[in-house]
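Heads up: the sequence shown runs through residues 5 to 257, numbered per my numbering.
Idealized CB from N, CA, C, for every residue including glycine.
The structure appears right after this line, and notes come after that.
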Amino acid sequence: MRNEQLNRYVRNITLKEIDEEGQEKLLNSKVLVIGAGGLGSPLLLYLAASGIGTIGIIDDDKVDLSNLQRQIIYKNDDVDQPKTHAAKKRLLELNPDINIITHQLRLDETNIDNIIKDYDIIADGSDNFETRFLVNERCFRHKKPLVSAAVVGFSGQVYTFKPYLDGHPCYRCIYPELPAPNASPPCREFGVLGSVVGQVGSFQATEIIKELLNIGESLSGKMIMIDALYADIKKVKINRDPNCLCCANERKK
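This is the structure in C-alpha cells:
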C-alpha cells in the first residue's frame with residue numbers, strides 16, 4: 005500500500021477488525037450498486053471513501069431538481085445530467101484512488117447476468133419490486149451476496165441475502181409475490197425524509213464492508229427495521245420459506 009493510501013485510510017486501518025490487510029482487501033473488492041438515487045447516494049459516497057477499489061453504478065435516470073432533497077451525491081449543476089455520469093464525477097473527486105464503472109441502463113433479464121458476474125457483492129437500492137425480484141433471483145443463481153435496502157416516509161429496512169448457503173433465506177422468502185400494479189406507489193407519492201434515506205444507506209454500506217471483510221455478525225437471515233420517527237431500531241429473524249418460488253424451486257432443479 006502506498007504512503008498516500010496509508011494516510012487516506014488510516015482511520016480504517018487503525019480498527020483491529022480491518023487493519024492494513026483488510027484495507028488491501030477493500031481496495032481489491034468490486035461492488036455493484038443498483039440505483040444511484042436516495043439510497044445509492046450515501047451508499048456510493050461511503051463505499052468510495054472507504055476505499056472499495058471498483059464500484060459499479062447502474063441507473064438509467066437523469067438528475068431532477070426534486071432529487072436533491074435526498075440524493076446528496078448530486079449538486080444543482082447536475083440537474084438533467086445522467087445520474088451515473090454525475091455520480092462518477094463526484095466519487096472520483098472524493099477519491100481518485102478507485103475505479104468507477106458506469107452502466108447507464110435499466111437492469112433487466114437481457115443484461116443482468118453479464119453485469120453482475122464481475123462483482124463480489126451486489127447492493128440493491130432500486131425503487132421497484134420487479135427489479136428487486138430479478139436481482140434476488142440472479143444473485144442466488146450466481147451465488148453473489150446481496151445487500152438490499154428500502155425506505156418510505158420515516159421507515160427503512162436493511163437485509164443481507166445469501167440463500168446459496170444452507171438455511172439462509174432470500175428476498176422472496178419475505179415477499180413471495182409481486183404486488184399488484186400500483187399497490188406500492190413510488191416515494192414521490194408517499195414522501196420520504198432525506199436524512200432517513202441517508203441513515204439507511206449508511207447502514208447498508210456498513211453491512212457491505214462487513215461482508216467483504218467477513219467481520220462482525222452477518223445480517224443474512226435477519227432484517228433491520230428502522231422507524232426514525234420514533235427512534236426505534238429492531239432486528240428480526242427471517243426464516244427460509246421451504247416453498248419459496250425462488251430459492252426452494254431452484255434447489256430442486
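Hey, residue i and residue j: beta-carbon distance below 8 angstroms or not?
i      : j      : result
Phe207 : Val162 : yes
Gly225 : Ile242 : yes
Ala40  : Lys87  : yes
Val228 : Ser130 : One detail in the question is off: residue 228 reads as Ile in this sequence, not Val. Not a contact, by the Cβ cut-off of 8 angstroms.
Gln75  : Ser45  : yes
Leu223 : Ala127 : no
Asp68  : Val83  : yes
Leu98  : Ala52  : yes
Ile119 : His107 : yes
Ala153 : Leu72  : no
Arg244 : Gly198 : no
Under 8 angstroms by Cβ, that's how I've got residue i and residue j pegged, so tell me the actual separation to the nearest angstrom.
i      : j      : result
Ile22  : Leu48  : Rounded, the Cβ-Cβ distance is 20 angstroms, inconsistent with contact.
Val139 : Val201 : The Cβ separation is near 19 angstroms, so there is no contact.
Leu217 : Lys29  : 6 angstroms
Pro173 : Pro180 : With 8 angstroms as the limit, Pro173 and Pro180 do not qualify as a contact, their Cβ atoms being about 11 angstroms apart.
Arg15  : Asp101 : Not a contact, Cβ separation roughly 15 angstroms.
Ile62  : Leu109 : 7 angstroms
Gly157 : Gln203 : Incorrect: roughly 13 angstroms between the Cβ atoms, too far for contact.
Ala252 : Tyr50  : In fact, because the Cβ distance is near 34 angstroms, the residues do not count as touching under 8 angstroms.
What residue range is occupied by the uninterrupted alpha helix (DSSP H) comprising residue i?
i      : result
Asp117 : Ile116 to Ile120
Leu51  : Gly44 to Ser54
Leu138 : Phe133 to His146
Leu10  : Asn7 to Arg12
Leu96  : Lys87 to Leu98
To the nearest angstrom, report how far apart residue i and residue j are at their CA atoms.
i      : j      : result
Lys214 : Thr164 : 11 angstroms
Asn103 : Ile230 : 32 angstroms
Arg176 : Asn32  : 31 angstroms
Arg6   : Gly26  : 15 angstroms
Lys34  : Gln85  : 25 angstroms
Lys238 : Cys248 : 25 angstroms
Ile17  : Leu10  : 8 angstroms
Thr135 : Ala232 : 26 angstroms
Asp122 : Cys143 : 12 angstroms
Leu182 : Glu24  : 44 angstroms
Glu141 : Phe194 : 27 angstroms
Glu211 : Asp112 : 25 angstroms
Val240 : Asn80  : 39 angstroms
Asp117 : Cys250 : 16 angstroms
Arg145 : Thr114 : 15 angstroms
Tyr234 : Val196 : 15 angstroms
Starting from residue i and walking both ways along the beta strand (DSSP E), at which residues does that stretch end?
i      : result
Gly160 : Ser159 to Phe165
Lys269 : Outside the displayed span of the chain (5 to 257) sits residue 269, for which this structure offers no information.
Does the Cβ of residue i lie closer than 7 angstroms to at least one heavy atom of the ligand COA?
i     : result
Lys29 : Among the ligands in the structure shown, none appear at all, so the ligand COA cannot be discussed.
Taking one C-beta from the region 137-153 and one from the region 48-59 each time, how about it: are there three or more such pairs within less than 8 angstroms?
no
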